[in-house]
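These notes concern the structure reproduced below.
In the working numbering, the protein residues as written are 3 to 361.
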């Protein structure tokens, strides 16, 4: 029994009554803009694991939080050592008329002395005598703490700047996926998704795509559970999953006997309960950082018997190819695609098509 038939049987037998009452409810695993929508409950040792991975968790915070943390780190450090210096200056004296730290009479002057010491600004009226061991011992500790704090906070800011988070937002996926013939000469049914990198100057290296199908079912207790994720071939076995994103491309998954979509029809694909998750990974040439962009498609976001309109067209007057992004999500019906059920067999004389193209 094919996966399509199994999905239809499980959804029909166990979920028919429930869906009649509640309607077909589909919960996404991944949003259209790539965010995971899982709700993690009762994670063991959650705070302990977060404490161990504090550096990466801080990097994931927004810029406002990082700037506040940056300011608080220095202010707290200055304040702590200012209190120590003030206590030393009040309790420790070298002579009756000579203080341990000159001209440190209150917390404000102690705070200024602490800041001048930590950042080696240079002393003016406030200075430390050479006969006050607690003071210059505290100064040694503050120098080490200051260098460590400066290194950590500067590292967080640099790592945040170099993160390619904004770069993955420049990847564009088509709003809908389509099922139609592979091309004009090869009529094998194919799932197609359009992908584009709208950045014109910062190119990607080693970019490749993957496609997965996440399936669920209603178990004997009446709960819907995720039963697994199946990898869908977009050319990784022949190397065609490594794509060149200099222009918009169409990622293709040929629906054959190895495809989880094999055996599905126009009617039951809309009723099936699955989610297609597509990822694209690449290396930003300018920084060498790796990023991943994601999106997903539900069954009602798959058009049967359609294909994408060409958007990379030659301008004969300029002798240049032009990319028309207004056509990015535009589709057109394929009149001769009348396969109601996807059941095809690949013969020896059929060519292996690459996973992407800009037709």
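We treat Cβ as the ideally placed atom computed from N, Cα and C, and that holds for glycine.
| Check | Outcome |
| --- | --- |
| Between the Cα of residue 154 and those of 279, 72, 278, spot the shortest distance and give me the residue it belongs to. | 72 |
| Under 8 angstroms, with one C-beta from each stretch per pair, do the region 315-324 and the region 184-193 reach the 3-pair mark? | no |
| Starting from residue 67, trace the alpha helix (DSSP H) in both directions and tell me its first and last residue. | 65-93 |
| Considering just the uninterrupted stretch of the alpha helix (DSSP H) at residue 179, what are its terminal residues? | No alpha helix (DSSP H) holds residue 179; the beta strand (DSSP E) holding it covers 179-183. |
| Where do the N-terminal and C-terminal ends of the beta strand (DSSP E) with residue 216 fall, by residue? | 206-220 |
| Just the Cα atoms here: how many angstroms apart are residue 334 and residue 310? | 6 angstroms |
| Which of the three DSSP states is assigned to residue 305 in this structure? | strand |
| Taking residue 263 as the reference, give the member of 61, 210, 233, 251 with the closest Cα. | 233 |
| Using C-beta distances below 6 angstroms, list every residue in its chain close to residue 292, excluding the 5 sequence neighbours before and after it, in chain order. | 285 |
| For residue 280 and residue 175, which I take to be in contact (beta-carbon distance under 8 angstroms), what is that distance rounded to the nearest angstrom? | 7 angstroms |
| By Cβ distance, which residues of its chain are closer than 7 angstroms to residue 75, with the 5 residues on each side in sequence left out? | 151, 155 |
| In chain order, what residues of the same chain have a beta carbon less than 8 angstroms from the beta carbon of residue 65, not counting five sequence neighbours either side? | 162 |
| Would you report the Cα separation of residue 132 and residue 138, rounded to the nearest angstrom? | 8 angstroms |
| Could you compute how far the alpha carbon of residue 69 sits from the alpha carbon of residue 185? | 52 angstroms |
| Less than 6 angstroms between C-beta atoms, sequence neighbours within five positions excluded: which residues of the same chain meet that for residue 194? | 180, 252, 254 |
| Is the number of C-beta pairs between the region 44-52 and the region 289-306 that are closer than 8 angstroms three or more? | no |
| Return yes when the Cβ of residue 178 is within less than 8 angstroms of the Cβ of residue 331, no when it is not. | yes |
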